[in-house]
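Number of protein chains: 2
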Amino acid sequence: MAERHIGKQTVIFKNPPSIKATASIVGPKEGKGALRQSFDYIIPDELWGEDSWEKAESKLVRETLSKVLQKGSLSNDQIEYVLGGDLLNQCIAANYGLRETDIPFFGLYGACSTMAESMSLGSMLIDGGYADNVVCMTSSHFCSAERQFRYPLELGSQRAPTSQWTVTGSGAALLTSDQTGPYIRYVTTGKINDMGISDVNNMGAAMAPAAADTILTHFADTGLTPDYYDLIVTGDLGKVGKKICLDLLNMNGIDLENRFNDCGVMIFNTKDQDTHSGGSGCGCSATVFAGHLYKEMMKGNLKRVLFVATGALMSPISTQQKESIPGIAHAVSIHRSLD
Amino acid sequence: MAERHIGKQTVIFKNPPSIKATASIVGPKEGKGALRQSFDYIIPDELWGEDSWEKAESKLVRETLSKVLQKGSLSNDQIEYVLGGDLLNQCIAANYGLRETDIPFFGLYGACSTMAESMSLGSMLIDGGYADNVVCMTSSHFCSAERQFRYPLELGSQRAPTSQWTVTGSGAALLTSDQTGPYIRYVTTGKINDMGISDVNNMGAAMAPAAADTILTHFADTGLTPDYYDLIVTGDLGKVGKKICLDLLNMNGIDLENRFNDCGVMIFNTKDQDTHSGGSGCGCSATVFAGHLYKEMMKGNLKRVLFVATGALMSPISTQQKESIPGIAHAVSIHRSLD
Numbered sequence: 004m005a006e007r008h009i010g011k012q013t014v015i016f017k018n019p020p021s022i023k024a025t026a027s028i029v030g031p032k033e034g035k036g037a038l039r040q041s042f043d044y045i046i047p048d049e050l051w052g053e054d055s056w057e058k059a060e061s062k063l064v065r066e067t068l069s070k071v072l073q074k075g076s077l078s079n080d081q082i083e084y085v086l087g088g089d090l091l092n093q094c095i096a097a098n099y100g101l102r103e104t105d106i107p108f109f110g111l112y113g114a115c116s117t118m119a120e121s122m123s124l125g126s127m128l129i130d131g132g133y134a135d136n137v138v139c140m141t142s143s144h145f146c147s148a149e150r151q152f153r154y155p156l157e158l159g160s161q162r163a164p165t166s167q168w169t170v171t172g173s174g175a176a177l178l179t180s181d182q183t184g185p186y187i188r189y190v191t192t193g194k195i196n197d198m199g200i201s202d203v204n205n206m207g208a209a210m211a212p213a214a215a216d217t218i219l220t221h222f223a224d225t226g227l228t229p230d231y232y233d234l235i236v237t238g239d240l241g242k243v244g245k246k247i248c249l250d251l252l253n254m255n256g257i258d259l260e261n262r263f264n265d266c267g268v269m270i271f272n273t274k275d276q277d278t279h280s281g282g283s284g285c286g287c288s289a290t291v292f293a294g295h296l297y298k299e300m301m302k303g304n305l306k307r308v309l310f311v312a313t314g315a316l317m318s319p320i321s322t323q324q325k326e327s328i329p330g331i332a333h334a335v336s337i338h339r340s341l342d
Numbered sequence: 004m005a006e007r008h009i010g011k012q013t014v015i016f017k018n019p020p021s022i023k024a025t026a027s028i029v030g031p032k033e034g035k036g037a038l039r040q041s042f043d044y045i046i047p048d049e050l051w052g053e054d055s056w057e058k059a060e061s062k063l064v065r066e067t068l069s070k071v072l073q074k075g076s077l078s079n080d081q082i083e084y085v086l087g088g089d090l091l092n093q094c095i096a097a098n099y100g101l102r103e104t105d106i107p108f109f110g111l112y113g114a115c116s117t118m119a120e121s122m123s124l125g126s127m128l129i130d131g132g133y134a135d136n137v138v139c140m141t142s143s144h145f146c147s148a149e150r151q152f153r154y155p156l157e158l159g160s161q162r163a164p165t166s167q168w169t170v171t172g173s174g175a176a177l178l179t180s181d182q183t184g185p186y187i188r189y190v191t192t193g194k195i196n197d198m199g200i201s202d203v204n205n206m207g208a209a210m211a212p213a214a215a216d217t218i219l220t221h222f223a224d225t226g227l228t229p230d231y232y233d234l235i236v237t238g239d240l241g242k243v244g245k246k247i248c249l250d251l252l253n254m255n256g257i258d259l260e261n262r263f264n265d266c267g268v269m270i271f272n273t274k275d276q277d278t279h280s281g282g283s284g285c286g287c288s289a290t291v292f293a294g295h296l297y298k299e300m301m302k303g304n305l306k307r308v309l310f311v312a313t314g315a316l317m318s319p320i321s322t323q324q325k326e327s328i329p330g331i332a333h334a335v336s337i338h339r340s341l342d
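Each protein sequence line maps, in turn, to chains A and B.
All residue numbers in the first sequence are consecutive under our numbering, ending with 342.
All residue numbers in the second sequence are consecutive under our numbering, ending with 342.
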């Protein structure tokens, strides 16, 4: 039996990797949201000097990598791997954003679960002795996502009350074998979960069952109970999906009410920013983790966090072909210290 | 220093994972090609009973997973992870093909390098003690790829002499901690490499520099010389890219002429199948490895193979925005025995 695998879907680290530094760059709307104080940089407009939204998203990736290396006092040639991806077709935000870095690259696609996926694999690469320094990162961009997944922005389409607002932003975490903390102690890898939801304006409902399944499996595999964590935080379920996830957990005898939140609910002022159910996109959980959550852990306000990024694995083509929306969620268990 | 990392970009395994079984399912054209005897199943037509090419590609994934588990005498619940991806927007071939498997899933995007990427990460998960059984797999489909990347098939567009033919097929490798062999001893992970090629009808030229770079780095990192391998095989450079890769290696003092080939050159009868420069797509290297190469290793005809899958990391959007085509290549060193 694989010595670092416990239960059905969980890995426990022998040499828990540290998150030495994080970086986050967000768009102007995110820069007016509830977590505006926590980001490293707020870009002045959605193009940031580029001539397309896609190129602006690549610039977010490039500059966020540069920022996290600067904060971790490391240069490109000290990084063994970058793991990352994004929502754009063929992951061009990451591919073009990272092409000049000269760092070995593992491209990932887990939709909005990509931040937790990259941290899961990145942790294994460090704990297993394959690398000393790894950058895990993702991005998303409201305008490039709208153009690709929905309607031309110029149409000014009305949004459904259950819809979410794709975050413009990129977040990165620098994982190292140094014993600096915060530490990643467990990861629980999700399975694809399709409950038949087919409303592309309600991604939260499509992803909530995957989130609940991964959270339940994490507790079953580790023997931990919810009170072990100060916060269990999903990626981008939004208000609608968060409620469904809590209900599903309750039905399974787990009450997380007072220690549960969702990055999509946290990032905007949902009352006055007109983002309906909340934020979404790979950049949502990535920037909320790299900005707000990491800083709260470093301040000691959060000692143990279960970070559960959630992804909806459909495409416009699968929707046109009348497919439902599969979801996935990966959990990363982060500890301020190894006490 | 990370104990299993050698040189700049290479990992050496302490407990080399075995490739216990492989499976390959291909389309009708591939089933008339030079390697037709080596595949497990040839589908009767490009739809295979489905109502879209995309759904047929998902079925290729689903059935190839099923076949590799059957050949390895394992059930779904004995597999800790599937790692895979494909070329379709948001990787829907893998996401929909695997949604009923109930196996934890890491989605990857490395364009046509995905098979080697999945085997690289899969090997680390086994060698590191995170899993005992992992399936690494990819797919591509001529018709779904043409629709997405090029023109409607109904147009009957003329193809450039340098163009390649996307393979319809899915290939899978079942990696285990059992000591059955063939063994994966090293992996060399590629960097994104963009030499400014912007002709989307000449992917081989765009990917060749990445392939040459990874091969040169593999030899530099390991201290091995080309005569160590019976075969060094790239993924889908095609005839044009293969020639460029050989030239680049020659310019760097390495002559591979008599032990070098390319899966894209091998899979079709390029003289009479009208595939111009040869095969391409994630499914090209995946099915040639899972079919022909693995069987030749099991027969003892190939003792050591360096498998170097190659990917072009662009999208139609990046092409419309006048970007050049970045390439990447990952190398997996496979040994029939540990002598």
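Note that beta-carbon positions come from the ideal geometry of N, C-alpha and C, so glycine has one too.
Predicted model, so just to flag it, every value in this text is computed and none were measured.
Quiz item: So which residues of chain A does His8/B contact, with C-beta pairs closer than 7 Å?
Solution: Glu83, Tyr133, Ala134
Quiz item: Is the CB of Pro107/B under 8 Å away from at least one CB in chain A?
Solution: yes
Self-check item: Under the three-state DSSP convention, the category Lys274/A falls into
Solution: coil
Self-check item: Between the CA atoms of Val335/A and Ala312/A - distance to the nearest angstrom
Solution: 9 Å
Exercise. Consult DSSP for Lys23/A and reduce its assignment to one of helix, strand or coil.
Key: strand
Quiz item: If you count every other CB in all the chains shown that lies within 10 Å of the CB of Pro164/A, and 16 or more means buried, which is it?
Solution: exposed
Self-check item: Which of helix, strand or coil DSSP assigns to Met300/A
Solution: helix
Exercise. Would you kindly work out how many angstroms separate the C-alpha atoms of Pro94/A and Glu66/B, rounded to a whole number?
Key: The amino acid occupying residue 94/A in the given sequence is Cys; Pro does not appear at that position. Going from the Cα of Cys94/A to the Cα of Glu66/B covers about 26 Å.
Quiz prompt | 8 Å Cβ shell around Gly10/B - same chain, five flanking residues per side excluded | solution = Thr220, Ala223, Asp224, Thr225
Quiz item: Is any beta-carbon of chain A found at less than 8 Å from that of Glu57/B?
Solution: yes
Self-check item: Run of the alpha helix (DSSP H) containing Asp250/B, from where it starts to where it stops
Solution: 241 to 254
Quiz prompt | Extent of the continuous alpha helix (DSSP H) to which Thr217/B belongs | solution = 206 to 225
Quiz item: From the beta carbon of Lys194/B, is the nearest beta carbon of chain A less than 8 Å away?
Solution: yes
Quiz item: How is the alpha helix (DSSP H) around Thr179/A delimited, first residue to last?
Solution: Counting along the chain, Thr179/A falls outside any alpha helix (DSSP H), though it belongs to the beta strand (DSSP E) covering 172 to 179.
Exercise. Would you decide whether Gly267/A is buried or exposed? Buried here means 16 or more other CB atoms lie within 10 Å of its CB.
Key: buried
Practice problem: State whether the stretch 93 to 111 of chain A contacts the stretch 297 to 307 of chain A, with contact taken as three or more CB pairs (one from each stretch) at a distance under 8 Å. | Solution: no
Quiz item: Would you say Lys74/A and Ala24/A are within 8 Å of each other, going by their C-beta atoms?
Solution: yes
Quiz item: Secondary structure at Asn18/B, three-state DSSP: helix, strand or coil?
Solution: coil
Exercise. Would you tell me roughly how many angstroms separate the C-alpha atoms of Asp197/A and Pro212/A, rounded to the nearest one?
Key: 8 Å
Quiz item: Out of curiosity, what's the CA-to-CA distance linking Ser201/B and His333/B?
Solution: 22 Å
Quiz item: What do you reckon, are the CB atoms on Asn92/B and Ser318/A nearer than 8 Å?
Solution: yes
Quiz prompt | DSSP state of Met140/A mapped onto helix, strand, coil | solution = strand
Quiz item: Which partner residues does Ala334/A have in the DSSP bridge list?
Solution: Thr191/A, Val311/A
Quiz prompt | Chain-ordered neighbours of Ser69/B on chain A, where CB pairs are closer than 7 Å | solution = Near Ser69/B there are no residues of chain A at all, since even the closest Cβ is about 16 Å away, more than 7 Å.
Practice problem: Could you check the C-alpha separation between Ala114/B and Leu249/B for me, to the nearest Å? | Solution: 22 Å
Self-check item: Neighbour flag for Arg102/A against chain B, beta carbons, 8 Å
Solution: yes
Self-check item: One or two residues paired with Leu86/A in a DSSP bridge
Solution: Phe109/A, Cys139/A
Quiz item: Measuring CA to CA, which of Gly159/A, Lys298/A, Ile82/A, Phe152/A is closest to Gln323/A?
Solution: Phe152/A
Quiz item: Do the stretch 132 to 141 of chain A and the stretch 178 to 195 of chain A meet, that is, are 3 or more Cβ pairs less than 8 Å apart?
Solution: yes
Exercise. May I ask which residues mark the beginning and end of the alpha helix (DSSP H) holding Thr322/A?
Key: 319 to 323
Quiz item: In its own chain, which residues sit with a C-beta less than 6 Å from the C-beta of Asp216/B, not counting the 5 before and 5 after it?
Solution: Asn196
Quiz prompt | CB contact check: Val291/B to chain A, cutoff 8 Å | solution = no
Quiz prompt | Span separating the alpha-carbon of Asn272/A from that of Lys245/A | solution = 16 Å
Exercise. Check whether the Cβ atoms of Val85/A and Leu101/A lie closer than 8 Å to each other.
Key: yes
Practice problem: Could you tell me which residues DSSP puts in a beta bridge with Val71/B? | Solution: In the DSSP output, where bridge partners are listed per residue, Val71/B has none listed.
Quiz prompt | Arg150/B vs His279/B beta-carbon contact at 8 Å | solution = no
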